[in-house]
Amino acid sequence: MTYYTILRVVSKLLIPYVLLFALYVQFHGDYGPGGGFQAGVIFAAGFVLYGLIYGLTEVRRVAPARMIELLIASGVLVFAGTGVVTMLLGGNFLEYGVLAPAHPSTGQHYGILVVELGVGMTVAAVMIAIYSTFAGRGRA
1 MTYYTILRVV
11 SKLLIPYVLL
21 FALYVQFHGD
31 YGPGGGFQAG
41 VIFAAGFVLY
51 GLIYGLTEVR
61 RVAPARMIEL
71 LIASGVLVFA
81 GTGVVTMLLG
91 GNFLEYGVLA
101 PAHPSTGQHY
111 GILVVELGVG
121 MTVAAVMIAI
131 YSTFAGRGRA
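1 is the number of the first residue of the sequence shown in this note's numbering; add one for each residue after it.
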């Protein structure tokens, strides 16, 4: 069973880079290709790889269902909360320019960054929940 050892060693080396790449895609999505959805899927892929190598119980230990549910709700709250904040500042829903009235382009940058963070959190958590649900089918 040496191939299990090889897979475990390679995955322990690879998973941090997968998660780091997801963060890169998340925070550089407004300058180039990427954004919250892509980053969320890449981040979840790191957890799926972890689950394929170490088993579903390990994934559920690292990312319990309650935490995943909270991340899903938090991501939606961050997205919608940004829109509510822009409305409270006198703009339309998700009109980011009002976040920095002196420099609307800066407000645009901050707004899209926060919205994409909410999208990334939600997508990653939903993808992990889907994997966990389907991988655990038929088990007690």
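The beta-carbon is built from N, C-alpha and C at its ideal position, and this holds for glycine as well.
Remember, predicted model here, so these are calculated numbers, not experimental data.
Note down, in chain order, each residue of its chain lying with its Cβ closer than 8 Å to the Cβ of A100, except the 5 sequence neighbours on either side.
Counting from 1 along the sequence shown, the entry for residue 100 is found at position 100. Apart from the 5 residues on each side of it in sequence, A100 sits with its Cβ closer than 8 Å to the Cβ of T106, G107, Y110 in its chain, given in chain order.
My output table needs one value for F93: the three-state DSSP class, helix, strand or coil.
To locate residue 93, count along the sequence shown from 1; it is residue 93. The answer is coil: DSSP assigns F93 none of H, G, I, E or B.
According to DSSP, is Y31 helix, strand or coil?
The residue labelled residue 31 in the question sits at position 31 within the sequence shown. In this structure, Y31 counts as coil in the three-state DSSP scheme.
Can you tell me the Cα-Cα spacing of R137 and T86, whole angstroms?
Numbered from 1 along the sequence shown, position 137 holds the residue referred to as residue 137. Numbered from 1 along the sequence shown, position 86 holds the residue referred to as residue 86. If I take the Cα positions, the gap works out to 43 Å.
Apart from the five residues on each side of it in sequence, which residues of its chain come closer than 7 Å, Cβ to Cβ, to L113?
What you label residue 113 is simply residue 113 of the sequence shown in a count that begins at 1. Setting aside the 5 residues that flank it on each side, L113 is surrounded in the same chain by D30, each with a C-beta closer than 7 Å to its C-beta; the list follows chain order.
At the level of alpha carbons, what is the spacing between G118 and I6?
Counting from 1 along the sequence shown, the entry for residue 118 is found at position 118. Counting from 1 along the sequence shown, the entry for residue 6 is found at position 6. Answer to the nearest angstrom: the Cα atoms are 36 Å apart.
P101 - DSSP class collapsed to helix/strand/coil
The residue given as residue 101 occupies position 101 in the sequence shown. Annotated three-state conformation of P101 is coil, per DSSP.
Any 3 or more C-beta pairs closer than 8 Å across the stretch 16-26 and the stretch 40-58
The answer is yes - the stretch 40-58 touches the stretch 16-26, with three or more Cβ pairs under 8 Å.
Just how far apart, CA to CA, sit G120 and I72?
As a working note, residue 120 is residue 120 in the sequence shown. As a working note, residue 72 is residue 72 in the sequence shown. Roughly 10 Å between the two C-alpha positions.
Please return the same chain residues whose Cβ sits closer than 6 Å to the Cβ of A124, not counting the five positions on each side in sequence.
For the purposes of this step, residue 124 is taken as the residue at position 124 of the sequence shown. Cβ neighbours of A124 beyond the five flanking positions: G40, F43, A44.
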